[in-house]
Amino acid sequence: MRRLNERLIILLRIIHIYEGIQNEKKNVLWFLIDDLRPQFGRAYGQSETYTPNLDKLAVESVVFKKAYCQLTVCSPSRNSFLTGRRPDSIRVYNFVDHFRITNEGRDSIALPQYFKNNGYYVIGGGKTYQPGKPPDYDGLKSWSEPPLPLTKNLTRCHHVHPRSKRILDVCPEMLARRDFMDERTADHSENAIRRAVASSQPFFVVAGFYRPHLRWHVPQSYYDLYNNNKISVAQNSRFKPHGMPDIAWTSEGCHTLTTLEYGTHQIEMNQPLSLNIAAELRKGYYACVSFIDHLVGRLLTVVNSFQGLRKNTIILVSSDHGFHLGEQASWTKHTLFEHSARVPLMIRFPHLLPPRIIYHPVELVDIYRTLADLAGLPQPPDHIQGRSLRRTALYNTPIRNFSLTQYPRCPKSWDRLWDSNCKRITAKQIPIMGYSLRVNGFRFTEWYQWRDNSIHHSMLSLHSSSDTPAKIIATELYQFDETQIDDADAYERQNLAHIAEAQCSVINFRHALRLLITTCQHSPPQELIPPCELEVSRYIANAQICMI
Numbered sequence: 001m002r003r004l005n006e007r008l009i010i011l012l013r014i015i016h017i018y019e020g021i022q023n024e025k026k027n028v029l030w031f032l033i034d035d036l037r038p039q040f041g042r043a044y045g046q047s048e049t050y051t052p053n054l055d056k057l058a059v060e061s062v063v064f065k066k067a068y069c070q071l072t073v074c075s076p077s078r079n080s081f082l083t084g085r086r087p088d089s090i091r092v093y094n095f096v097d098h099f100r101i102t103n104e105g106r107d108s109i110a111l112p113q114y115f116k117n118n119g120y121y122v123i124g125g126g127k128t129y130q131p132g133k134p135p136d137y138d139g140l141k142s143w144s145e146p147p148l149p150l151t152k153n154l155t156r157c158h159h160v161h162p163r164s165k166r167i168l169d170v171c172p173e174m175l176a177r178r179d180f181m182d183e184r185t186a187d188h189s190e191n192a193i194r195r196a197v198a199s200s201q202p203f204f205v206v207a208g209f210y211r212p213h214l215r216w217h218v219p220q221s222y223y224d225l226y227n228n229n230k231i232s233v234a235q236n237s238r239f240k241p242h243g244m245p246d247i248a249w250t251s252e253g254c255h256t257l258t259t260l261e262y263g264t265h266q267i268e269m270n271q272p273l274s275l276n277i278a279a280e281l282r283k284g285y286y287a288c289v290s291f292i293d294h295l296v297g298r299l300l301t302v303v304n305s306f307q308g309l310r311k312n313t314i315i316l317v318s319s320d321h322g323f324h325l326g327e328q329a330s331w332t333k334h335t336l337f338e339h340s341a342r343v344p345l346m347i348r349f350p351h352l353l354p355p356r357i358i359y360h361p362v363e364l365v366d367i368y369r370t371l372a373d374l375a376g377l378p379q380p381p382d383h384i385q386g387r388s389l390r391r392t393a394l395y396n397t398p399i400r401n402f403s404l405t406q407y408p409r410c411p412k413s414w415d416r417l418w419d420s421n422c423k424r425i426t427a428k429q430i431p432i433m434g435y436s437l438r439v440n441g442f443r444f445t446e447w448y449q450w451r452d453n454s455i456h457h458s459m460l461s462l463h464s465s466s467d468t469p470a471k472i473i474a475t476e477l478y479q480f481d482e483t484q485i486d487d488a489d490a491y492e493r494q495n496l497a498h499i500a501e502a503q504c505s506v507i508n509f510r511h512a513l514r515l516l517i518t519t520c521q522h523s524p525p526q527e528l529i530p531p532c533e534l535e536v537s538r539y540i541a542n543a544q545i546c547m548i
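Take the sequence shown: its letters are residues 1 to 548, numbered as in UniProt numbering.
This is the structure we're talking about:
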């Protein structure tokens, strides 16, 4: 009997310890890396970039291979996933508006704010929100202390090219580490973690790294990792997709790119860059990725240095959108192609999630509910539109069978639809909006003319019997071999939207897309798939069957 009592006491102690662990608040360290495309290391089938820390982290994480942003440029994308709401829900599409000032978005509780309201020490550094959108990176509404602002490098690369007199985009630096903004962000994040641990306070830290955003100014040692002669360039870097409408392509964000060796080059739709210049540009991007990988490693070392912290800390790696490196003869973002819409998304949480690779589609808008769920916080407000990825990560079950991405176009003239920039155009002034539906095996994109500055009104009018060119500007349909998802050259080579054999698919995809835009994305979140999305899934299935 005595031995039985001793065993019972031991069992009760174990249960008590386990419950204590379960009730202990989880920490969050979020590596939010600007312009990072999902092609680094073994996790994403990329062997050219040197990223040992991200590679190791991927092996320990749940890697979502088909994660997509909701709008393919910095500010509106960040406004979306930091509020857990789609761009149409908060009416933020540009660098003028932000969720704190739009009628639709001003009542939002931002993700950092939500953790702060639940007793967390919440710290942000570098590029978290877009600078100024909201002002002061949302200040003390979102953060426990004023966030570290995004500042410029103390750089020699602001010197101009001797011939073109333009600032260099590709430029290795010979500066002290403290002179780089991303080093300062890493320092700030490390200090925040140490302060939180010292005060026994749960932390939510966002390390907002600016690189590999242009300009590619990082230490010389990271350029030295790469040899131009061994860098492959996109096989389709000199050719836009066959049958692609002009509006699908853009030079927005990089009308020119300047390197010391090759000078300044204009980015034009029908004048692709030479292979030598493309390799030099890729080298600059890769050098920046390796630099950020080093900083990620620094902060992971800090987390691992405290007993128990590694197991109790959720590590998230994501970007705000993807990035073209010459594919479709495009550079940077601002398109609705796969390279611009697809993003890296990895979560390490040893306490709960075993490492695995997930191939189901997920979205950045899901981050809000996912982090709240993994941290054990109360259910977020109903206006948060994403879904928690917890069950997907645990059981490899899908939460939806599509992703939805959008992008506005503000062309300077109707004969140069690709020459567009909506950055300083208000939501009410945007003339064209593109929406892209990504499903297994396909990407379907349509560009619509807005009527009465309301896409909802435009979509309803499109259900009438007569579809005029003023309503649908352009249609795209691309077929994918999903086994080649990591091959950057393998997809979006030919637009199938106008071939006779694809019309059945086009009709069904169009119905699915319009239903998502007008109805589904405005429905409150539910644990089970809502009826609206079931109808969307039926249209998607019909479209897929049509192409068999």
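For glycine and all other residues, C-beta sits at the position ideal for the given N, C-alpha and C.
Just so we're clear, the structure is a prediction, and the values are computed from it rather than from any experiment.
| Asked | Found |
| --- | --- |
| Straight-line Cα distance separating methionine 269 from tryptophan 418 | 8 Å |
| Contacts around cysteine 157, its chain only, beta-carbon distance under 8 Å, and the 5 residues preceding and following it disregarded | Ile167, Leu168, Cys171, Glu173, Arg215 and His217 |
| Neighbour-count burial assignment, lysine 311, 16 or more Cβ in a 10 Å radius | exposed |
| Same chain, Cβ closer than 6 Å to glutamine 113, neighbours up to 5 away in sequence not counted | Lys141 and Ser142 |
| The segment 507 to 515 in contact with the segment 530 to 544 per 3-pair CB rule at 8 Å | yes |
| Residue interval of the alpha helix (DSSP H) (run including glutamine 544) | 531 to 546 |
| Selected residue, minimal CA-CA separation from serine 388, among Pro147, Gln235, Arg369 and Ala512 | Arg369 |
| At least 3 beta-carbon pairs within less than 8 Å: the segment 204 to 212 vs the segment 181 to 194 | yes |
| Counted within 10 angstroms of its Cβ, other Cβ atoms place methionine 115 as buried (16 or more) or exposed | According to the sequence as given, residue 115 is phenylalanine; it is not methionine. Buried is the call here. |
| Extent of the continuous alpha helix (DSSP H) run through glutamine 429 | Run containing glutamine 429: none; DSSP gives neither H nor E here. |
| Same chain only: Cβ atoms within 7 Å of arginine 538, ignoring 5 sequence neighbours per side | none |
| Counted within 10 angstroms of its Cβ, other Cβ atoms place tyrosine 137 as buried (16 or more) or exposed | buried |
| Proximity of aspartate 489 and glutamate 327 at Cβ, strictly below 8 Å | yes |
| Whether tyrosine 120 touches phenylalanine 204 by CB criterion (8 Å) | yes |
| Test item: CB-CB of valine 317 and methionine 346 under 8 Å | yes |
| Ranges of the beta strand (DSSP E) found wholly within the segment 56 to 123, counting only runs of at least 3 | 62 to 64 |
| Range covered by the beta strand (DSSP E) that runs through asparagine 508 | Per DSSP, asparagine 508 belongs to no beta strand (DSSP E); it is in the alpha helix (DSSP H), 503 to 518. |
| Environment of threonine 151 [buried if 16+ CB atoms lie within 10 Å] | exposed |
| Span of the beta strand (DSSP E) around lysine 412 | 411 to 413 |
| Assigned secondary structure, arginine 387 (DSSP; H/G/I helix, E/B strand, else coil) | coil |
| Touching by the beta-carbon criterion (3+ pairs, under 8 Å), the segment 186 to 204 and the segment 288 to 303 | yes |
| Coil, strand or helix - proline 212 by DSSP | coil |
| Same chain, Cβ closer than 6 Å to tyrosine 491, five either side skipped, listed in chain order | Glu338 and Phe480 |
| For serine 318, the three-state DSSP class (helix, strand or coil) | strand |
| Residue(s) in a DSSP beta bridge with histidine 265 | Leu257 |
| Reduced DSSP category for glutamate 492 - H, G, I as helix; E, B as strand; rest coil | coil |
| Candidates Leu364, Tyr395 and Gly376, of which the one nearest isoleucine 384 by Cα | Leu364 |
| Within 8 Å, strictly: CB atoms of cysteine 520 and glutamate 501 | no |
| Span separating the alpha-carbon of tyrosine 68 from that of valine 62 | 16 Å |
| Own chain partners of isoleucine 425 with C-beta closer than 8 Å, once the 5 adjacent residues on each side are dropped | Asn94, Val96, Pro408 and Cys410 |
| Rounded separation between proline 344 and aspartate 88 - CA only | 23 Å |
| Glutamate 446 (DSSP reduced to helix, strand or coil) | strand |
| Beta-carbon proximity of leucine 275 to valine 206, cut-off 8 Å | no |
| Residue range of the unbroken alpha helix (DSSP H) whose run includes glutamine 220 | 220 to 223 |
| DSSP state of threonine 370 mapped onto helix, strand, coil | helix |
| Nearest candidate by alpha-carbon position, reference histidine 255, set Val197, Phe239, Leu299 and Ser330 | Ser330 |
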